[in-house]
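S.K.:
In UniProt numbering, the protein residues as written are 1 to 195.
(1) With C-beta atoms as the reference, is residue 21 less than 7 Å away from residue 73?
(2) Suppose the cutoff is 6 Å on Cβ atoms and the five residues either side in sequence are ignored; what does the same chain contact list for residue 87 look like?
(3) For residue 118, is the classification buried or exposed, using 16 other Cβ atoms within 10 angstroms of its Cβ as the cut-off for buried?
(4) Just confirm the distance between the C-beta atoms of residue 152 and residue 47, as a whole number of angstroms; I'd bet it's less than 8 Å.
(5) Mind the definition here: the segment 21–37 touches the segment 123–143 only if three or more C-beta pairs lie below 8 Å; say whether that holds.
(6) By the 10 Å Cβ neighbour count, where 16 or more other Cβ atoms means buried, how is residue 161 classified, buried or exposed?
(7) For the alpha helix (DSSP H) containing residue 9, list its first residue and its last residue.
(8) Among 42, 34, 125 and 75, which residue has its Cα nearest to the Cα of residue 56?
(9) Along the chain, which unbroken stretches of the beta strand (DSSP E) at least 3 residues long are found entirely within the segment 97–180?
(10) My output table needs one value for residue 1: the three-state DSSP class, helix, strand or coil.
(11) Quick check on the burial criterion: 16 or more other C-beta atoms within 10 angstroms. Buried or exposed for residue 13?
(12) Just to confirm my understanding: we take residue 101, look at its own chain, exclude 5 residues before and 5 after, and list those with CB closer than 8 Å. What are they?
(13) What distance in whole Å lies between the Cβ atoms of residue 78 and residue 50, which are believed to be in contact at a cut-off of 8 Å?
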């Protein structure tokens, strides 16, 4: 940072701010998804916004300690926010889906699959980081960006489903409103004709 190397201890302490951002991101992602009632859309949006934040961190994170802290927390917010959302709310939604016909064991299975997949990533991530960091840090950030892009793309099917569901509910509500207004207009016309 600012042209100086940091000790391993200082770098480790500084990196905890990524997780602080992640805590804030988890709360924020949960709040947004509850307000919008769109968990997959929220998670995918966070992942796609994480890509430019990683690029900004790579480019400007070494300018000053303050810049590093701010960008690291923003990146943590955007990366860990959807992780918290997926491992909790989405697994609960999937585990209680109507297609499972009330099988309560399915929730445990879905949660185990999601956590197991996360564990694979937790095992492979540091291995790849070690290999790629010996080449260059640009390679490490490229790997992170590819991971965020893949996560966003894997959520695309659910995002499309959520959007279609929202528009179909909205259009059926609008149709019901129009039908109600037409019935009211018809009743008023009948009343006028009776006078």
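Glycine included, each C-beta is placed from N, C-alpha and C at the ideal position.
M.R.: To lay it out plainly:
(1) Stepping through the chain shown from its first residue, residue 21 is reached at position 21. Stepping through the chain shown from its first residue, residue 73 is reached at position 73. Going by C-beta atoms, residue 21 is nearer than 7 Å to residue 73.
(2) Mapped onto the chain shown, residue 87 falls at position 87. Answer for residue 87: 114, listed in chain order.
(3) Looking up residue 118 in the chain shown gives position 118. When all chains shown are included, residue 118 counts as exposed.
(4) Here residue 152 corresponds to residue number 152 of the chain shown, with the count starting at 1. Here residue 47 corresponds to residue number 47 of the chain shown, with the count starting at 1. Going by Cβ atoms, the distance from residue 152 to residue 47 rounds to 4 Å, so yes, they are a contact pair.
(5) no
(6) What you label residue 161 is simply residue 161 of the chain shown in a count that begins at 1. With fewer than 16 other Cβ atoms within 10 Å, it is exposed.
(7) Numbered from its first residue, the chain shown carries residue 9 at position 9. Run containing residue 9: 8–36, per the alpha helix (DSSP H) assignment.
(8) In the chain shown, residue 56 corresponds to position 56, counting from 1. Measuring from the Cα of residue 56, the nearest candidate turns out to be 75.
(9) none
(10) In the chain shown, residue 1 corresponds to position 1, counting from 1. Note: residue 1 maps to coil in three-state DSSP.
(11) Stepping through the chain shown from its first residue, residue 13 is reached at position 13. Under this definition residue 13 is an exposed residue.
(12) The count along the chain shown starts at 1 and reaches residue 101 at position 101. So the list is empty, once near-sequence residues are dropped.
(13) On the chain shown, residue 50 is found 50 positions in, with the first residue counted as 1. On the chain shown, residue 78 is found 78 positions in, with the first residue counted as 1. Yes, they are in contact, since the Cβ atoms of residue 50 and residue 78 sit about 4 Å apart, within 8 Å.
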